[in-house]
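Read the structure below first, then the notes.
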Amino acid sequence: MLSATADADARILVTKDADFRDSHILVGSPHQLLTVATGNISNTELLELVAKRLPEIEAAFMKSDRVDLRSDVVLTHPRR
Numbered sequence: 005m006l007s008a009t010a011d012a013d014a015r016i017l018v019t020k021d022a023d024f025r026d027s028h029i030l031v032g033s034p035h036q037l038l039t040v041a042t043g044n045i046s047n048t049e050l051l052e053l054v055a056k057r058l059p060e061i062e063a064a065f066m067k068s069d070r071v072d073l074r075s076d077v078v079l080t081h082p083r084r
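FYI, the numbering for the sequence shown is 5 to 84, going by my numbering.
Spelled out as structure tokens, the structure:
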């Protein structure tokens, strides 16, 4: 349901859940996926990290449909 809604609205689904990554890899839905792989950090720390890395995240989605946000790096994956 979440993947279908994100796809219908051309949105990026943001998650920590590996099931969405697996679905993206296997069936291409959600079409665009940001996986947060930071471990246990507070919401405040997460918001600060996203704000700090937002230009990198935006640039990553220009060349990839799946991006991982980690504490120290933004990783892109090849398009399907």
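All C-beta atoms in this analysis are idealised placements derived from N, C-alpha and C, irrespective of residue type, glycine included.
When the distance is taken between beta carbons, is Thr48 closer than 8 Å to Lys67? Not in contact: Lys67 and Thr48 (Cβ atoms no closer than 8 Å).
Whether Thr9 touches Arg25 by CB criterion (8 Å): It is not a contact, given that the beta carbons lie outside the stated cut-off.
Expressed to the nearest angstrom, what Euclidean distance is found between the alpha-carbon atoms of Ser75 and Glu60? So the alpha carbons of these two residues sit roughly 13 Å apart.
Cβ neighbours of Arg83 in the same chain (closer than 7 Å, five flanking residues each side left out): Excluding residues within five positions, the ones whose Cβ falls inside 7 Å are Ser68 and Asp69.
Could you compute how far the alpha carbon of Leu50 sits from the alpha carbon of Asp23? Going from the Cα of Leu50 to the Cα of Asp23 covers about 21 Å.
Have a look at Met5, Ser46, Glu52 and Leu17 and flag the residue whose alpha-carbon is nearest the alpha-carbon of Asp72. Out of Met5, Ser46, Glu52 and Leu17, Leu17 has the C-alpha closest to the C-alpha of Asp72.
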